[in-house]
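**Student:** Let me begin by handing over the structure; questions about it come next.
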């Protein structure tokens with residue numbers, strides 16, 4: 001029976017301010033995570049909306065809440081700026097395609113893998129030459145997750161959450177790991193979600209579960225107060241990997257430098 005390996009652990013990483021520069025490139029071992037604190041970009045939303053095409057602008061109108069419209073404009077526009085910087089395409093020529101699980105990709109540049117996650121005031125974007133999945137979550141004080149534990153975790157994982165001194169943190173840590181991994185696989189949340197490993201350590205994965213024979217890593221990280229994240233990517237722990245966490249510039253002129 002075909003099996004692959006999954007390694008799960010915590011990543012100590014701190015975000016640093018990112019200064020846009022020319023000559024964007026990715027080595028095979030690079031993973032770059034861009035963080036966007038959305039409230040800081042609200043005054044820029046009209047400038048950023050110019051980078052959205054007609055399909056994306058129609059999508060904006062489908063959001064019910066104004067805050068959700070604004071957030072989409074911001075993180076979608078910055079995603080396109082980032083993709084344009086790495087592909088050297090004109091931003092007006094950045095068109096996202098979607099696979100059968102609605103995971104976006106660039107048909108024109110299949111070597112560039114990316115993933116985006118949004119939760120409340122933050123959005124994050126990961127880019128790499130490796131397949132990646134990214135999930136961030138705001139650890140809501142009002143969300144009662146207890147009732148959903150049997151549906152998304154096995155008995156051992158559920159017991160670990162229930163016995164944890166910080167149940168909320170443990171729940172979100174394990175949830176983001178599962179979510180980031182299925183996003184990397186392009187599976188989405190399905191009936192197999194409960195059986196995706198999420199505890200620290202090395203795990204054997206059957207091909208029948210993930211429909212994939214690659215080896216994988218998942219790394220949890222602290223994003224900000226009350227925010228947790230996880231990044232999933234191809235490779236064994238022995239494979240060299242260089243992960244950087246950058247805070248996107250809040251200056252429109254600096255952002256435009258990305259695509260000059």
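Numbering (my numbering), first residue to last: 1 to 260.
For every residue, glycine included, the Cβ atom is placed at its ideal position computed from N, Cα and C.
What you are looking at is a predicted structure, and each value in this text was computed from that prediction instead of being measured.
#1: By Cβ distance below 7 angstroms, which residues in the same chain neighbour residue 56 in space, the five residues on each side in sequence not counted?
#2: If you count every other CB in all the chains shown that lies within 10 Å of the CB of residue 234, and 16 or more means buried, which is it?
#3: Go to residue 169, then tell me how far its alpha helix (DSSP H) extends in each direction, as first and last residue.
#4: For residue 100 versus residue 250, is the C-beta spacing smaller than 8 angstroms?
#5: Can you give me the Cβ contacts of residue 173 inside the same chain, cut-off strictly under 7 angstroms, excluding the 5 residues immediately before and after it?
#6: Evaluate contact between the segment 188-198 and the segment 134-142, counting only Cβ atoms and requiring at least three cross-stretch pairs below 8 angstroms.
#7: Cβ of residue 3 within 7 angstroms of any heavy atom in the ligand ZN?
#8: Could you tell me the distance, in whole angstroms, from the CA atom of residue 64 to the CA atom of residue 239?
#9: Closer than 8 angstroms by C-beta to residue 26: which residues in its own chain qualify, once you throw out the five before and the five after it? Chain order, please.
#10: Just to confirm before moving on: does the CB-CB distance between residue 29 and residue 242 stay below 8 angstroms?
#11: Rank 97, 176, 83 by C-alpha distance to the C-alpha of residue 91 and give the top, closest one.
#12: Starting from residue 6, trace the beta strand (DSSP E) both ways and give me its first and last residue.
#13: Figure out for me which residue from 182, 189, 222 has the closest Cα to the Cα of residue 212.
#14: Does the Cβ of residue 258 have 16 or more other Cβ atoms within 10 Å, making it buried, or fewer, making it exposed?
#15: Considering only residues of the same chain and omitting the five flanking positions on each side of residue 14, which have a CB-CB separation below 8 angstroms?
#16: Measuring only the C-alpha atoms, how far is residue 105 from residue 158?
#17: Is it buried or exposed, residue 122, if we count other Cβ atoms within 10 angstroms and call 16 or more buried?
#18: Does the beta-carbon distance from residue 217 to residue 237 come in below 8 angstroms?
#19: Could you tell me whether the Cβ atoms of residue 248 and residue 36 are closer together than 8 angstroms?
**Tutor:** Based on what the coordinates show:
#1: On the chain shown, position 56 is the one that residue 56 refers to. 76.
#2: To locate residue 234, count along the chain shown from 1; it is residue 234. Residue 234 is buried by the Cβ-count criterion.
#3: Residue numbering aside, residue 169 sits at position 169 when the chain shown is read from its first letter. Residues 167-185.
#4: Numbered from its first residue, the chain shown carries residue 100 at position 100. Numbered from its first residue, the chain shown carries residue 250 at position 250. In this structure, residue 250 does not lie closer than 8 angstroms to residue 100 by Cβ.
#5: Locating residue 173 in the chain shown gives position 173, counting from the first residue. The residues 220, 228, in chain order, have a CB closer than 7 angstroms to that of residue 173 in the same chain once the five nearest residues on each side in sequence are set aside.
#6: The segment 188-198 vs the segment 134-142: no contact.
#7: Ligands displayed in this structure: none; no statement on the ligand ZN is therefore possible.
#8: Here residue 64 is taken as the residue at index 64 of the chain shown, counted from 1. Here residue 239 is taken as the residue at index 239 of the chain shown, counted from 1. Approximately 44 angstroms, taken between the alpha carbons.
#9: Taking the chain shown and counting its residues from 1, the one referred to as residue 26 is at position 26. The answer, listed in chain order, is 32, 86, 112, 127, 128, 129.
#10: The sequence position of residue 29 within the chain shown is 29, counting from 1. The sequence position of residue 242 within the chain shown is 242, counting from 1. Yes, Cβ-Cβ distance for residue 29 and residue 242 is below 8 angstroms.
#11: As a working note, residue 91 is residue 91 in the chain shown. Minimum Cα distance to residue 91 is reached at 83.
#12: By one-based count along the chain shown, residue 6 stands at place 6. Unbroken beta strand (DSSP E) run through residue 6: 3-10.
#13: In the chain shown, residue 212 corresponds to position 212, counting from 1. Considering only alpha carbons, the answer is 182.
#14: Here residue 258 refers to the residue found at position 258 when the chain shown is read from its first residue. Buried, by the Cβ-count rule.
#15: Indexing the chain shown from 1 puts residue 14 at position 14. Around residue 14: 245.
#16: Here residue 105 is taken as the residue at index 105 of the chain shown, counted from 1. Here residue 158 is taken as the residue at index 158 of the chain shown, counted from 1. Between residue 105 and residue 158, the C-alpha separation is close to 34 angstroms.
#17: Within the chain shown, the letter at position 122 stands for residue 122. That one is buried.
#18: Along the chain shown, read from residue 1 onward, the residue named residue 217 stands at position 217. Along the chain shown, read from residue 1 onward, the residue named residue 237 stands at position 237. A contact, by the Cβ cut-off of 8 angstroms.
#19: Locating residue 248 in the chain shown gives position 248, where the first residue counts as 1. Locating residue 36 in the chain shown gives position 36, where the first residue counts as 1. Contact annotation: residue 248 and residue 36 have beta-carbon atoms nearer than 8 angstroms.
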